[in-house]
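In the UniProt record's numbering, the protein residues as written are 1 to 631.
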């Protein structure tokens, strides 16, 4: 039985009241824009074939009126806007369904059919969005799908709007930026277990949807839980300035790699004066290092690409729409919006570099930096998804890494051992908890979280420490303007009080696994080798792929699995012969044993026991690993 949330503490109530006085809540332009062009509301909850609800934006209907004390009023405002849902007209011939998943899906009408931009996370939510569009715009066939970038909320629902058969037949084009496929797959496979587990925290997947639980993640409300799919691109945009005509619609592209994603592009519809900004200019400060984990993004090139966007189309554009949030209209407003977004990333980058060269470390810069008034007071530059605090630390990490130069931090104890020593020095667990209570009552939650985290890692079953730490995370969540911070704090509260909730959404879906290249597959296997158990094992495996005439040799030695596609001398210990299309599902589906390989139609020659040995050396990730408690 889930525990009952507690009310906002006096310190949080005071903080929320101060924010209501300081921020420009009288500015209602965003609410007007978010409602503009509404054609029809969403049709209701979206279900999978088994009847399971995979999306229900109606669970956010409580986001009405003024913010309660348990939600930061700025985040409450953002959540109200993001939860605004339905089918909208952006401009003549361009439509969006918003509020049907974490991201938006857009429809651009051509001569005979419709181009789909970014088909959400799940096939079920994308299919429901397409059905809503067709209900009001006619049964237009899908002629193309454009992926703006390589994150799953922008391609995962593709099989809800088209099929592999239609793509193979050439009736539907799949367009993506150069370099799309590898990061799209690798992010969900290589570190996928850890990212998915942490994403459960980041998007509040296990939180009740109410004013004391999940209210939204700032970029979108949360993630759908349907079927993640992937169809490989048939066309890649190679450079800025490339132009395609799709079903009579002219599209001019701008590549922006290394910004919000490793492979990303913005594009312009010159005949409609409409700019799709992908995820490089939305109504929030974005992440430079997402809390679920990723490679640190580059704010320096991000700002340069937005300058380029203004240079390319700033003199002509009349509407900007994106893969999240709501559009903006009018040339002057669009250019101002792009300029402020550009200046935001440039300022964070340049000021972080200035201060780190003066000797400040990441946390010090995060406490010191101040945004200029024009950025501080623009709603779309506030930190609902990325925050100034964690983005500044990410910039520091990008340039200088994890080590801050202080020798005391060069060889610290790991968390549990460090915690035991701290707690002992502080007089024992009971003493620390008693000292923490007055700090909690005074509203010093950051300090309480730091010291009680040591107690929980030193003595995870200490009831007083767990209870007070859960209460502390709860108050920190209530006070967070950043949606993902709120979700992290309240998810930590949930697991301390009610136990681990695991990984509600796993992105390494069969379509993504099936799109692994042989090299990526072998890397994914190598990551799972339990090194110490493999020290004394040595063998070679040849993999022959008959449909593409390729041959690889895998070699296990010294605990490392390596591979080569070059011709090899001598015979391998065992050879498996299969197809490129079948290989990923067989290898990553627990099918490395000779019996399962044979059942899949894979031919095996040589010493089949080697495959048993390899299967026994794999140590897959744990989707339920501990976060707020030690293992």
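We put the beta carbon where it would ideally sit given N, CA and C, even for glycine.
> DSSP three-state call for residue 551: helix, strand or coil?
Replying inline: Here residue 551 refers to the residue found at position 551 when the chain shown is read from its first residue. Residue 551 falls in the strand class under three-state DSSP.
How would you call residue 462, buried or exposed, if buried means at least 16 neighbouring beta carbons within 10 angstroms?
As a working mapping, residue 462 is identified with position 462 in the chain shown. It counts as buried.
>> For residue 1, count the other beta carbons within 10 Å of its own beta carbon; 16 or more makes it buried, fewer makes it exposed. Which is it?
In response: If you number the chain shown from 1, residue 1 lands on position 1. Per the 10 Å Cβ criterion, exposed.
Item to complete: From the DSSP output, in three-state form, read off residue 98 for me.
Response: As a position in the chain shown, residue 98 is number 98, starting the count at 1. Residue 98: strand per DSSP, three-state reduction.
- Query: Roughly how many angstroms lie between the CA atoms of residue 626 and residue 500, to the nearest whole one?
  - Reply: Stepping through the chain shown from its first residue, residue 626 is reached at position 626. Stepping through the chain shown from its first residue, residue 500 is reached at position 500. C-alpha separation (whole angstroms): 8 Å.
Less than 8 Å between the beta carbons of residue 266 and residue 277, yes or no? Position 266 of the chain shown, counting from 1, holds the residue named residue 266. Position 277 of the chain shown, counting from 1, holds the residue named residue 277. Going by beta carbons, residue 266 and residue 277 fall inside the 8 Å limit.
- request: Could you tell me whether the Cβ atoms of residue 190 and residue 524 are closer together than 8 Å?
  value: Taking the first residue of the chain shown as position 1, residue 190 is located at position 190. Taking the first residue of the chain shown as position 1, residue 524 is located at position 524. In contact: residue 190 and residue 524 (Cβ atoms closer than 8 Å).
Q. Among 134, 95, 142, which one has its Cα closest to the Cα of residue 115?
A. Start at 1 with the first residue of the chain shown, and residue 115 comes out as number 115. Nearest option by C-alpha distance: 142.
Residue nearest to residue 441 in terms of C-alpha spacing, selected from 4, 11, 3
Here residue 441 refers to the residue found at position 441 of the chain shown. Cα-wise, what sits closest to residue 441 is 11.
Q. Would you call the region 71 to 84 and the region 130 to 138 touching, i.e. three or more CB-CB distances under 8 Å?
A. no
Helix, strand or coil for residue 230 per DSSP? As a position in the chain shown, residue 230 is number 230, starting the count at 1. If DSSP states are grouped into helix, strand and coil, residue 230 belongs with coil.
- Can you give the beta carbon distance from residue 145 to residue 172, rounded, assuming they're within the 8 Å contact cut? Position 145 of the chain shown, counted from the first residue, corresponds to residue 145. Position 172 of the chain shown, counted from the first residue, corresponds to residue 172. Indeed they touch by this definition, with Cβ atoms about 7 Å apart.
**Report entry** Local Cβ density within 10 Å of residue 411, reported as buried at 16 or more and exposed below that
**Finding:** The residue you call residue 411 lines up with position 411 of the chain shown. Burial call: exposed.
Original post:
Can you tell which of 229, 207, 228, 233 has the C-alpha that lies nearest to the C-alpha of residue 221?
Top reply: As a working mapping, residue 221 is identified with position 221 in the chain shown. Per the Cα distances, 207.
Cα separation between residue 165 and residue 3? Counting from one through the chain shown, the residue named residue 165 turns up at place 165. Counting from one through the chain shown, the residue named residue 3 turns up at place 3. So the two alpha carbons sit approximately 49 Å from each other.
- Would you list the residues sitting across from residue 109 in a DSSP beta bridge? Position 109 of the chain shown, counted from the first residue, corresponds to residue 109. 114, per the DSSP bridge assignment.
Handout entry: Start and end residues, alpha helix (DSSP H) containing residue 594
Key = Here residue 594 refers to the residue found at position 594 of the chain shown. Where residue 594 is concerned, the enclosing alpha helix (DSSP H) stretches over 594 to 599.
Opening and closing residue of the alpha helix (DSSP H) in which residue 520 lies: Translated into positions along the chain shown, residue 520 becomes position 520. Where residue 520 is concerned, the enclosing alpha helix (DSSP H) stretches over 518 to 528.
- Are the CB atoms of residue 236 and residue 183 nearer to each other than 8 Å? By one-based count along the chain shown, residue 236 stands at place 236. By one-based count along the chain shown, residue 183 stands at place 183. For residue 236 and residue 183, no; Cβs fall outside 8 Å.
Original post:
When DSSP labels each residue in this structure, what does residue 560 get in the three-state scheme?
Top reply: The residue you call residue 560 lines up with position 560 of the chain shown. Correct three-state label for residue 560: strand.
- Item | Alpha carbon of residue 47 to alpha carbon of residue 224, nearest angstrom | Here residue 47 refers to the residue found at position 47 when the chain shown is read from its first residue. Here residue 224 refers to the residue found at position 224 when the chain shown is read from its first residue. Roughly 10 Å separates the two Cα atoms.
Item checked: Segment contact flag, the region 359 to 374 with the region 63 to 71, C-beta cutoff 8 Å, min 3 pairs -> Short answer: they don't touch.
Using DSSP with H/G/I as helix, E/B as strand and the rest coil, what is residue 49?
Looking up residue 49 in the chain shown gives position 49. The answer is coil: DSSP assigns residue 49 none of H, G, I, E or B.
Within 10 angstroms of its Cβ, does residue 550 collect 16 or more other Cβ (buried), or is it exposed? Locating residue 550 in the chain shown gives position 550, where the first residue counts as 1. With fewer than 16 other Cβ atoms within 10 Å, it is exposed.
| DSSP state of residue 368, grouped into three classes? | Here residue 368 is taken as the residue at index 368 of the chain shown, counted from 1. Helix.
Quick one: what's residue 254 bridged to in DSSP?
By 1-based counting over the chain shown, the position of residue 254 is 254. The partner list for residue 254 (beta bridge, DSSP) reads 266.
TODO: Give the DSSP bridge partners of residue 146, in chain order.
DONE: Residue 146 sits at position 146 when you count from the first residue of the chain shown. Answer by DSSP bridge pairing, in chain order: 117, 175.
Fill in: Anticipated Cβ contact below 8 Å, residue 448 with residue 429, distance rounded
The count along the chain shown starts at 1 and reaches residue 448 at position 448. The count along the chain shown starts at 1 and reaches residue 429 at position 429. That belief does not hold up - the Cβ atoms of residue 448 and residue 429 are roughly 14 Å apart, past 8 Å.
Practice task
Please state whether DSSP places residue 76 in a helix, a strand or coil.
Solution key: Along the chain shown, one-based indexing puts residue 76 at 76. Helix, per DSSP.
Quick check on the DSSP output: the beta strand (DSSP E) that includes residue 514 runs from which residue to which? As a first step, residue 514 is located in the chain shown; it is residue number 514 there, counting from the start. Per DSSP, residue 514 belongs to no beta strand (DSSP E); it is in the alpha helix (DSSP H), 510 to 514.
Quiz item: CB-CB under 6 Å to residue 298, same chain, minus the five flanking residues each way: which ones, in chain order?
Solution: For the purposes of this step, residue 298 is taken as the residue at position 298 of the chain shown. So the list reads 258, once near-sequence residues are dropped.
- Query: How big is the Cα-Cα spacing for residue 346 and residue 399?
  - Reply: Counted from its first residue, the chain shown places residue 346 at position 346. Counted from its first residue, the chain shown places residue 399 at position 399. Taking the Cα positions, residue 346 is about 15 Å away from residue 399.
Give the single residue among 604, 460, 316, 349 whose Cα lies nearest to the Cα of residue 577.
As a first step, residue 577 must be located in the chain shown, where it is residue number 577. Nearest C-alpha to residue 577: 604.
key: Top-ranked residue by Cα proximity to residue 291, from 406, 488, 138   = As a first step, residue 291 must be located in the chain shown, where it is residue number 291. The candidate whose alpha carbon is nearest that of residue 291 is 488.
Practice prompt. Determine the closest residue to residue 622 out of 17, 414, 194, with distance taken between C-alpha atoms.
Written response: Translated into the one-based positions of the chain shown, residue 622 becomes position 622. The shortest Cα separation from residue 622 among 17, 414, 194 belongs to 194.
**Prompt:** At what residues does the alpha helix (DSSP H) containing residue 129 begin and finish?
**Reply:** For the purposes of this step, residue 129 is taken as residue 129 along the chain shown, with counting starting at 1. 123 to 137 is the span of the alpha helix (DSSP H), which, as asked, contains residue 129.
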